[in-house]
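Novice:
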Amino acid sequence: MNELPQQLVNGLLLGSMYGLVAVGYTMVYGIVQLINFAHGEIFMTGGFGALTVWLILPGGTTMWLALPLMIVGAVLVATTIAVGAERLAYRPLRGGPRLAPLITAIGLSLALQQAVWAFYPEAKSARTFPQIPGGPIELGPVTIQTGDVFLLIAAPICMAFLAFFVMRTRTGRGMQATAQDPDTAKLMGVNTDRIIVIAFALGAAMAAVGAVAYGLKYGVVDYKMGFLLGLKAFTAAVLGGIGNIYGAMIGGVVLGVAETMATAYVSHIPGMEQLGGQSWADVWAFVLLIVVLLARPQGLLGERVADRA
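Per the numbering used here: the sequence shown = residues 2 to 310.
1) Report the option in GLY257, ALA39, THR63 whose CA atom is closest to the CA atom of GLY85.
2) What three-state label does DSSP hand VAL84 in the structure shown?
3) Nearest-angstrom Cα distance between PRO59 and MET28?
4) Under 8 Å by Cβ, that's how I've got THR129 and PRO137 pegged, so tell me the actual separation to the nearest angstrom.
5) Taking only the alpha-carbon atoms, compute the straight-line gap between ILE145 and TYR219 and give it to the nearest angstrom.
6) Taking 8 Å as the threshold (C-beta atoms), are VAL22 and GLY231 in contact?
7) Here's the rule: buried if 16 or more other CB atoms are within 10 angstroms of the residue's CB, otherwise exposed. What is MET250?
8) Are there three or more Cβ pairs, one per stretch, closer than 8 Å when the stretch 36-52 is compared with the stretch 168-180?
9) Out of MET160, ALA156, LEU111, GLY252, state which residue places its alpha-carbon closest to the alpha-carbon of LEU294.
10) Just tell me which of TRP55, ALA200, GLN114 has its CA closest to the CA of ALA180.
11) Taking the alpha helix (DSSP H) that THR144 belongs to, which residues open and close that run?
12) Using the Cα positions of VAL292 and LEU109, report the straight-line distance between them to the nearest angstrom.
13) Quick one: what's got a C-beta closer than 6 Å to ARG297's C-beta in the same chain, skipping five residues either side?
14) Check whether the stretch 208-215 touches the stretch 182-200, taking contact to mean three or more Cβ pairs, one atom from each stretch, closer than 8 Å.
15) With DSSP as the reference, please indicate the residues paired to THR63 in a beta bridge.
16) Under 8 Å between the Cβ atoms of LEU203 and GLY300?
17) Excluding the five sequence neighbours on either side, which residues of its own chain have a C-beta within less than 7 Å of the C-beta of ALA310, listed in chain order?
18) Rounding to the nearest angstrom, what Cα-Cα distance links GLY20 and PHE228 in this structure?
19) Distance, Cα to Cα, ALA119 vs LEU113?
20) Is the CB-CB distance between GLY74 and THR105 below 8 Å?
21) Following the continuous alpha helix (DSSP H) through ILE197, name the residue where it begins and the one where it ends.
22) Is it buried or exposed for GLU139, if we count other Cβ within 10 angstroms and need 16 for buried?
23) Start and end of the beta strand (DSSP E) containing ILE36?
24) For LEU35, is the classification buried or exposed, using 16 other Cβ atoms within 10 angstroms of its Cβ as the cut-off for buried?
25) Please classify ASN11 as buried or exposed, where buried requires at least 16 other C-beta atoms within 10 Å of its C-beta.
26) Classify LEU140 as helix, strand or coil using the three-state DSSP reduction.
27) Under the rule that 16 or more other beta-carbon atoms within 10 Å means buried, what is SER280, buried or exposed?
28) Just to confirm my understanding: we take TYR224, look at its own chain, exclude 5 residues before and 5 after, and list those with CB closer than 6 Å. What are they?
29) PRO102: buried (16+ other C-beta within 10 angstroms of its C-beta) or exposed?
30) Which whole-angstrom value describes the C-beta separation of ALA208 and GLY47, a residue pair presumed to lie in contact below a C-beta threshold of 8 Å?
31) Are the beta-carbon atoms belonging to PRO142 and GLN275 less than 8 Å from one another?
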């Protein structure tokens, strides 16, 4: 029990990273009802975009100066790929069978993995990611690693910006209208194609910030890092209620806390000693999804997807 505050903070930080990536899934699905399984790889390309900026900066550049540039590089790479994917891969299939864009997303996911592997041949093994200088921060019984400080600051700022954008701007209201009824939105003068592109770009930007946080937290990036984290982010989106932006973040936090708690405490339960530890963390994440969907299929906050049948 002495470790409980530390485990809660660890879960909150991990869940915030899941939530940043989950926002992209839920925004795209809420507007075009597409499960963009390539979103995890867009997250991955953001991490390598940040790493590329670091590698081309002059030697001796401090991390405090490099970090803002790395964030910009990550966002530019991720949003460019996401917007290009929407325009070239998804838009031509928008009126076709729903299975077609789903298969396309899986193919795009594999293509992005191989493209990064080809551009970074040494990415077959994890590439070292630069770290923020300084030691851990002690807050009573809680220790926060230096790399986690970025996530602790970036996640609330990103979500506050997204909430303001969606609720208070003209484009944000256009996104809500398109999600509810794209045909009526067109009749009211909303450029739905532009709205869909913005949704892809916003989701990719959030994922890029999450990728920088991942690199700072774990100290490495690799070309396969988007696969499992993308699945967990999709799980978080479903937990919170697919199509619900706030639900995606809450689902991410719930998933992160549950995964951390299960990893730390399940092995102490009599008869379950073999089911704890980090090797079982992924299993418990999906067990939580099954339990929530059995009890509340619409997710914790409910779906926000219009019926377009």
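The beta-carbon is built from N, C-alpha and C at its ideal position, and this holds for glycine as well.
Specialist: Let's see:
1) Residue nearest to GLY85 within the set GLY257, ALA39, THR63 is ALA39 (criterion: CA-CA distance).
2) DSSP places VAL84 in helix when its eight states are reduced to three.
3) Their backbone Cα atoms lie some 38 Å apart in a straight line.
4) Their Cβ separation, rounded to whole angstroms, is 19 Å, which puts THR129 and PRO137 out of contact at 8 Å.
5) Those two C-alpha atoms are separated by around 13 Å.
6) Closer than 8 Å, so yes.
7) Flag for MET250 reads buried.
8) The stretch 36-52 is not in contact with the stretch 168-180.
9) Looking at the Cα atoms, GLY252 is the closest of the given residues.
10) From the listed residues TRP55, ALA200, GLN114, the smallest Cα separation to ALA180 is found for ALA200.
11) Here THR144 belongs to no alpha helix (DSSP H); instead the beta strand (DSSP E) covers 143-145.
12) Rounded to whole angstroms, VAL292 to LEU109 spans 31 Å at the Cα level.
13) Correct list: empty, nothing qualifies.
14) Between the stretch 208-215 and the stretch 182-200, the count of Cβ pairs shorter than 8 Å is below three; the stretches do not touch.
15) In DSSP, THR63 forms no bridge with anything.
16) The answer is no: Cβ separation not under 8 Å.
17) In this prediction, ALA310 scores a pLDDT of 47, lower than 50, which makes its location untrustworthy; the coordinate-derived value is nonetheless stated afterwards. Cβ contact annotation for ALA310 (same chain, cutoff 7 Å, sequence separation greater than five): none.
18) Cα to Cα, GLY20 sits roughly 15 Å from PHE228.
19) Computed Cα separation, rounded: 10 Å.
20) By the CB criterion at 8 Å, GLY74 and THR105 fall outside the cutoff.
21) Run containing ILE197: 193-219, per the alpha helix (DSSP H) assignment.
22) By the Cβ-count criterion, GLU139 is exposed, with fewer than 16 other Cβ atoms from all chains shown falling within 10 Å of its own Cβ.
23) In this chain, ILE36 is not harboured by any beta strand (DSSP E), its DSSP state being neither H nor E.
24) Under a 10 Å Cβ-count criterion, LEU35 is classified as buried, with 16 or more other Cβ atoms of the shown protein chains found around its own Cβ.
25) Its Cβ being crowded by 16 or more others within 10 Å, ASN11 is buried.
26) LEU140 carries a strand assignment under DSSP once its states are collapsed to helix, strand and coil.
27) Exposed: under 16 other Cβ atoms inside 10 Å.
28) Within the same chain, TYR224 has close Cβ partners GLN114, VAL117, TRP118, ALA124.
29) PRO102 counts as buried, since at least 16 other C-beta atoms from the protein chains shown sit within 10 angstroms of its C-beta.
30) About 6 Å separates the two Cβ atoms, so the contact holds.
31) PRO142 places its beta carbon 8 Å or farther from that of GLN275.
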